[in-house]
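Colleague: Numbering (our numbering), first residue to last: -18 to 287.
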Amino acid sequence: MKKDFLAVADYSPSEVQELLNLAVRLKQEHQNGGNAPLLKGKVLGMIFQKPSLRTRVSFDMGMRHLGGDALYLSPSEVGLGQRESIADVSRVLSGYVDGIMARVFAHDHILQLAQWSSIPVINGLSDYNHPCQAMADALTIQEEFGNLKGLNVTYVGDGNNVAVSLMHICAKLGANFTIANPADYDMFSPAVDLAKEIAFDSGAKLTFLRDPHTAVKDAHVIYTDTWTSMGQEAESKKRELVFPPYQVNDQLVSEARNDVIVLHCLPAHRGQEITDAVADGEHSRLFPQAHNRLHAQKAILVHLLQ
Ligand code: CP
Ligand code: NVA
């Protein structure tokens, strides 16, 4: 049966850890100057309904490192669900390429792509989650602290797609996950229910707060993301009034552990959810985190396409 990568929650803790171990090996291999052509001749079709820097370039370069290739398919070209039905796009692409990576608005669209394709589908971000980002996040945290078990990971800001995948990977790997977000910006409640089930098995503690200052106490990791995600632009003015108390700035970082690291999936809106001083300061791991997208996704690609 073909495999997909649609959500961290679909993978067992040991499968997630194996993917991270593979990412570590592939990263070392790359840094030592030798990428084994594990996907020689394979091609990834990349459907984008939204803009991207990291996802597009890291998947493209990842395929090249592995001896394969990638095709960028723009929103206007494909017209997913508009020019053509998702089921038809999926079945057509299945005869041309070896895997599909898609960035979509509605999560249901990624599920439909996976349902109709005979080749692996990778979720490159939906309105619900961002699992490839979470893999890179876990890799970055693991590089800093050895592993995630027992760490305190605090997300400050909007309970969005990035927060959901981060919560799920923390719950899988036994990290305590805390979120501080404004009222009316809670995470999607079925995602929280799922995290509670996952955390029951791993022993991870989940905490849901409004106050960012309480949330960052004892944090090993502070994570934030944009206050306005792609597709929510009409709400940005309203959000800019609500979210300033959730800014990750020097004061907030000083209230966490001394060895806290700060993560952000990027793109950052400097001066809003994160200050320049924090983004460029000693606790920031923003750029290693972005670079880890490449290595984490190469592991996913090898797992699915080899
Ligand atoms: N973090 C992330 O997914 O970045 P892009 O939107 O640039 O791909
Ligand atoms: N939450 C952001 C993440 C961007 C990578 C968005 O969906 O726009």
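We put the beta carbon where it would ideally sit given N, CA and C, even for glycine.
What three-state label does DSSP hand G26 in the structure shown?
Modeller: Strand.
Colleague: For I103, which three-state DSSP category applies?
Modeller: Correct three-state label for I103: strand.
Colleague: With DSSP as the reference, label L244 as helix, strand or coil.
Modeller: Strand at L244.
Colleague: Do the CB positions of V234 and E254 come within less than 8 Å of each other?
Modeller: The answer is no: Cβ separation not under 8 Å.
Colleague: Looking at Q270: is its Cβ nearer than 8 Å to the Cβ of D118?
Modeller: Yes, the Cβ-Cβ distance between Q270 and D118 is below 8 Å.
Colleague: Decide yes or no for the touch test of the region 196 to 213 against the region 234 to 244: beta carbon pairs closer than 8 Å, at least 3 of them.
Modeller: Counting Cβ pairs under 8 Å, three or more are found: they touch.
Colleague: Along the beta strand (DSSP E) that carries F189, what are the first and last residues, could you check?
Modeller: Where F189 is concerned, the enclosing beta strand (DSSP E) stretches over L187 to L190.
Colleague: Using DSSP bridges, identify the partner residues of N157.
Modeller: For N157, which the question treats as bridged, DSSP gives the partners N133.
Colleague: Go ahead and label P101 buried or exposed: buried means 16 or more other beta carbons lie within 10 angstroms of its beta carbon, across all protein chains shown.
Modeller: Counting Cβ neighbours within 10 Å, P101 comes out buried, since at least 16 surround it.
Colleague: Please list the terminal residues of the continuous beta strand (DSSP E) segment that includes G80.
Modeller: G80 -> beta strand (DSSP E) spans G80 to R84.
Colleague: Measuring only from the beta carbon, is L187 closer than 7 Å to any heavy atom that is part of ligand 2?
Modeller: Not under cutoff, so the answer is no.
Colleague: Could you give the residue range of the beta strand (DSSP E) that holds D50?
Modeller: D50 to L54 is the extent of the beta strand (DSSP E) around D50.
Colleague: Using DSSP with H/G/I as helix, E/B as strand and the rest coil, what is T36?
Modeller: T36 falls in the helix class under three-state DSSP.
Colleague: For a test of the three-state rule: what should DSSP assign to S335, helix, strand or coil?
Modeller: There is simply no residue 335 to check, as the chain begins at -18 and stops at 287 in what is shown.
Colleague: Among V134, A68, H111 and Y166, which residue has its Cα nearest to the Cα of A277?
Modeller: It is H111 whose Cα lies nearest to the Cα of A277.
Colleague: Report yes if the C-beta of S33 is less than 7 Å from at least one heavy atom of ligand 1; otherwise report no.
Modeller: Yes; taking the cut-off as 7 Å, the Cβ of S33 has a heavy atom of ligand 1 nearer than that.
Colleague: Can you list, in chain order, the residues of its chain with a C-beta nearer than 6 Å to that of N104? Leave out the 5 residues immediately preceding and following it.
Modeller: If we look at N104 and ignore the five residues flanking it on each side, its Cβ neighbours are L(-13), I91 and P112.
Colleague: From the DSSP output, in three-state form, read off L19 for me.
Modeller: Coil.
Colleague: Between the beta-carbon of L52 and the beta-carbon of V85, is there less than 8 Å?
Modeller: Not in contact: L52 and V85 (Cβ atoms no closer than 8 Å).
Colleague: Comparing the CB of D89 with every heavy atom of ligand 2, is any distance shorter than 7 Å?
Modeller: Not under cutoff, so the answer is no.
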